[in-house]
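The numbering of the sequence shown is numbering that gives the first Met the number 0, which starts it at 0 and goes up by one.
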Amino acid sequence: MFYGGRYADVLIGGEGADTLNGGGGADSLVGGEGADAFYVDNIGDVVTENADEGTDTIHSSIAWRLGANVENLTLTGSDRINGVGNALDNVLTGNDGANYLKGGNGDDTLNGGGGNDRLNGGLGADSLAGGTGDDAYYVDDLGDSVTEDADGGSDTVYASVDYALSANTERLIGSGATGLALTGNDLANRIIGTAGNDTLTGGAGKDALTGGDGEDVFVFTGVADASDSITDFKVGVDTIAIDLAGFGLTSFDDSLFESNATGKATEADTRFVYNETLGRLFYDADGTGSEKAVLVATLRGAPELTADSFSIIGTEA
Numbered sequence: 000m001f002y003g004g005r006y007a008d009v010l011i012g013g014e015g016a017d018t019l020n021g022g023g024g025a026d027s028l029v030g031g032e033g034a035d036a037f038y039v040d041n042i043g044d045v046v047t048e049n050a051d052e053g054t055d056t057i058h059s060s061i062a063w064r065l066g067a068n069v070e071n072l073t074l075t076g077s078d079r080i081n082g083v084g085n086a087l088d089n090v091l092t093g094n095d096g097a098n099y100l101k102g103g104n105g106d107d108t109l110n111g112g113g114g115n116d117r118l119n120g121g122l123g124a125d126s127l128a129g130g131t132g133d134d135a136y137y138v139d140d141l142g143d144s145v146t147e148d149a150d151g152g153s154d155t156v157y158a159s160v161d162y163a164l165s166a167n168t169e170r171l172i173g174s175g176a177t178g179l180a181l182t183g184n185d186l187a188n189r190i191i192g193t194a195g196n197d198t199l200t201g202g203a204g205k206d207a208l209t210g211g212d213g214e215d216v217f218v219f220t221g222v223a224d225a226s227d228s229i230t231d232f233k234v235g236v237d238t239i240a241i242d243l244a245g246f247g248l249t250s251f252d253d254s255l256f257e258s259n260a261t262g263k264a265t266e267a268d269t270r271f272v273y274n275e276t277l278g279r280l281f282y283d284a285d286g287t288g289s290e291k292a293v294l295v296a297t298l299r300g301a302p303e304l305t306a307d308s309f310s311i312i313g314t315e316a
C-alpha cells in the first residue's frame, strides 16, 4: 500500500496489485503491473496506467472520468457525484447519492447503488442495475439489459431501440423519430411512443399508453392484457391490434364490433363493444349471453371507433 500526505505527492506502484492513496493535494498515481486500486479525492489527481497491466479500479469521492487503460470506477461517500467510463468494458458503481453513470464504447456494467440514479451505458451491450431509488435508464442497444430491485423505487427506461420492460420497472419512454416496438411488463406501466410509427403493448397490469405522433398500433394479446388506457388514439391513423388466439377468435370482421351509448352488446355475434359515450372498449365472449364483458381499454376523449380501427394478429381460419 502506498499513502501520500496532504501535499501533492507522486506514488508509483510496482509489479503487484498495489493500493495507491495520495491523500490530500493534487497527486500523481502510477499503478504499474497488477490489478491496482487508486483512491482519488482531488480534481487535480492524475491516474496513469499502461495497457494490459491488470484490471484496475479507481475509488473516487469526487466526480470522475476514467482515463485510458483503467477498467473500473467506484464512487464513494454519499455526495451527488457523477462517473464516466472510457472505451474499455467498464464496471461503474455509484454511491448512496444520486449519481449519473455513463459508460463509453465498451460492454459496460453500471450499478447505481442507493439514490435516484441515471444510468447510461453508451455504446455497446451494457448491463444496467439501478438499485434503490427512482432510477432512470438510457437504452440504445438491443443488447442492453436493465435489472431493478423489487420495491426499488419508481423507475423509467428511455429507449431509442425496440425494448420490453424487465421486471420491477414502471415507465418506458421512446426517443427519436423512428418508430419503436415498446412493451410493458406485469406492472401498471406508463408507455410513451416516439414521433414515428410505434407499436405499444402494455402487457398485464393497468397500463397507460401514449402513441405520440405517427401511425401507432396498440396491441392487446388477450383478456389478461385488458384494462389499459389509451391517451391519444387518432381515428383513421392509429389502430388497435387484437390477437385472435388470445381472445379465442378464428377471424375478425365488422359483425364482431358494435358501438353504442351503453357499452352492452345487442347482437349475439358481437365480441367487441364500444361505449361511445365513455370511450370504453369491452370484450364480450358471448355477445348477448350472460357472461360478463371485460374492459379492454379506455380511450381518452372517446374517439369515434369503427371496425376499421382494428387490425388482427394471427392467421384467420
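The beta-carbon is built from N, C-alpha and C at its ideal position, and this holds for glycine as well.
Could you tell me the distance, in whole angstroms, from the CA atom of residue i to the CA atom of residue j?
i: V216; j: V234; result: 12 Å
i: G30; j: V90; result: 18 Å
i: A322; j: V295; result: Residue 322 is absent from the structure shown; the chain starts at 0 and stops at 316.
i: E32; j: L127; result: 29 Å
i: L10; j: G93; result: 26 Å
i: L243; j: V222; result: 11 Å
i: N110; j: T200; result: 28 Å
i: Y38; j: Y157; result: 33 Å
i: A180; j: T198; result: 5 Å
Does residue i pass the burial test, meaning 16 or more other C-beta atoms within 10 Å, or should it be called exposed?
i: K101; result: buried
i: V138; result: buried
i: N85; result: buried
i: S59; result: buried
i: V236; result: exposed
i: R299; result: exposed
i: T108; result: buried
i: N49; result: exposed
i: S308; result: buried
i: E147; result: buried
i: E257; result: buried
Can you tell me whether DSSP reads residue i as helix, strand or coil?
i: V160; result: coil
i: S308; result: helix
i: L255; result: helix
i: D227; result: strand
i: A244; result: helix
i: D69; result: Looking at the sequence shown, residue 69 is not Asp but Val. Coil at V69, not helix or strand.
i: V222; result: helix
i: F232; result: coil
i: I42; result: coil
i: R5; result: coil
i: K291; result: coil
i: N119; result: strand
i: S59; result: strand
i: V87; result: Here the sequence assigns Leu to residue 87, which means Val is not the residue at that position. Reduced to three states, the DSSP call for L87 is coil.
i: R279; result: strand
i: T168; result: coil
i: T269; result: coil
Leaving out five residues on either side along the sequence, give the residues of the same chain with a beta carbon under 6 Å from the beta carbon of residue i.
i: T47; result: V29
i: G82; result: W63, L72, L74, L91, L100
i: P302; result: F232, V234
i: L141; result: V160
So, for residue i: in the same chain, excluding its five sequence neighbours on each side, which residues have a beta-carbon less than 7 Å away from its beta-carbon?
i: R5; result: G22, G23, G24
i: A7; result: G24, A25, D26
Have a look at the DSSP bridge pairing and note the partners of residue i.
i: T200; result: T182, V218
i: S126; result: T108, S144
i: T177; result: T177 is not bridged to any residue.
i: K205; result: For K205, which the question treats as bridged, DSSP gives no partner whatsoever.
i: G82; result: W63, L100
Grab me the residues of residue i's own chain with a C-beta within less than 8 Å of its C-beta, minus the 5 sequence neighbours each way, in chain order.
i: D134; result: G111, N115, D116, R117, L118, E147, G151, G152, D154, T155
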